[in-house]
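Novice:
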Amino acid sequence: KPHRAKEERGREHMADAGVEAEAPCVVVEATSAAEFLRAAVETLAEHEAANNVLIGSARRQAREVGAPSSRFYLVDDGGAAPCGTAMATPGEALLLGVPTSAAAAHALEAHLAGAEDRK
14 KPHRAKEERG REHMADAGVE AEAPCVVVEA TSAAEFLRAA VETLAEHEAA NNVLIGSARR
74 QAREVGAPSS RFYLVDDGGA APCGTAMATP GEALLLGVPT SAAAAHALEA HLAGAEDRK
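The C-terminal residue of the sequence shown carries number 132 in this note's numbering, and the numbering is unbroken.
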């Protein structure tokens with residue numbers, strides 16, 4: 014892909030300038046709303062106003078039997094807390110948490126686009 018070549022040149026330029034590249038990010042799917050909240054609530058709370066719908070929706074699903082079935086995504090860059098989050102509920106808008114890095118946003122975007130392609 015031509016886009017990949019451009020990314021590689023960008024990384025090489027950053028390395029030549031002495032700038033460290035961000036850690037690679039991996040998107041993992043939490044098995045439940047409760048697991049998602051245990052892993053992500055502190056990260057989400059850092060931008061509570063922006064993430065309040067995501068936090069509230071996940072809490073509702075964690076405590077209510079029969080709540081809509083959602084998929085919960087955590088972006089891991091090797092740090093102690095997730096660097097990105099998302100919640101996908103069929104028939105509703107995708108809820109994205111405020112990412113802590115551009116790499117987290119790109120990893121989540123690529124993962125979700127791949128999930129759409131697999132349908």
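The beta-carbon is built from N, C-alpha and C at its ideal position, and this holds for glycine as well.
Helix, strand or coil for LEU50, going by three-state DSSP, please let me know.
Specialist: In the sequence shown, counting from the first residue as 1, residue 50 sits at position 37. Helix.
Novice: Please go through the same chain and pick out, in chain order, the residues whose beta-carbon is closer than 6 Å to the beta-carbon of ALA46, but skip the five residues on each side of it.
Specialist: As a first step, residue 46 must be located in the sequence shown, where it is residue number 33. Excluding positions up to five away in sequence, the list reads ALA71, GLN74, ALA75.
Novice: My guess is that LEU57 and GLY110 are in contact by the Cβ rule of under 8 Å, so how many angstroms apart are they, rounded?
Specialist: Here residue 57 refers to the residue found at position 44 when the sequence shown is read from its first residue. Here residue 110 refers to the residue found at position 97 when the sequence shown is read from its first residue. Their Cβ separation, rounded to whole angstroms, is 5 Å, which keeps LEU57 and GLY110 in contact under 8 Å.
Novice: Classify ALA117 as buried or exposed, calling it buried when 16 or more other Cβ atoms lie within 10 Å of its own Cβ.
Specialist: On the sequence shown, position 104 is the one that residue 117 refers to. So ALA117 counts as buried.
Novice: Pick out whichever of ALA106, THR98, GLU105 has its Cα sitting closest to the Cα of THR113.
Specialist: Position 100 of the sequence shown, counted from the first residue, corresponds to residue 113. Among ALA106, THR98, GLU105, the Cα nearest to that of THR113 belongs to THR98.
Novice: DSSP beta-bridge partners for ASP89?
Specialist: Locating residue 89 in the sequence shown gives position 76, where the first residue counts as 1. Paired residues: VAL39.
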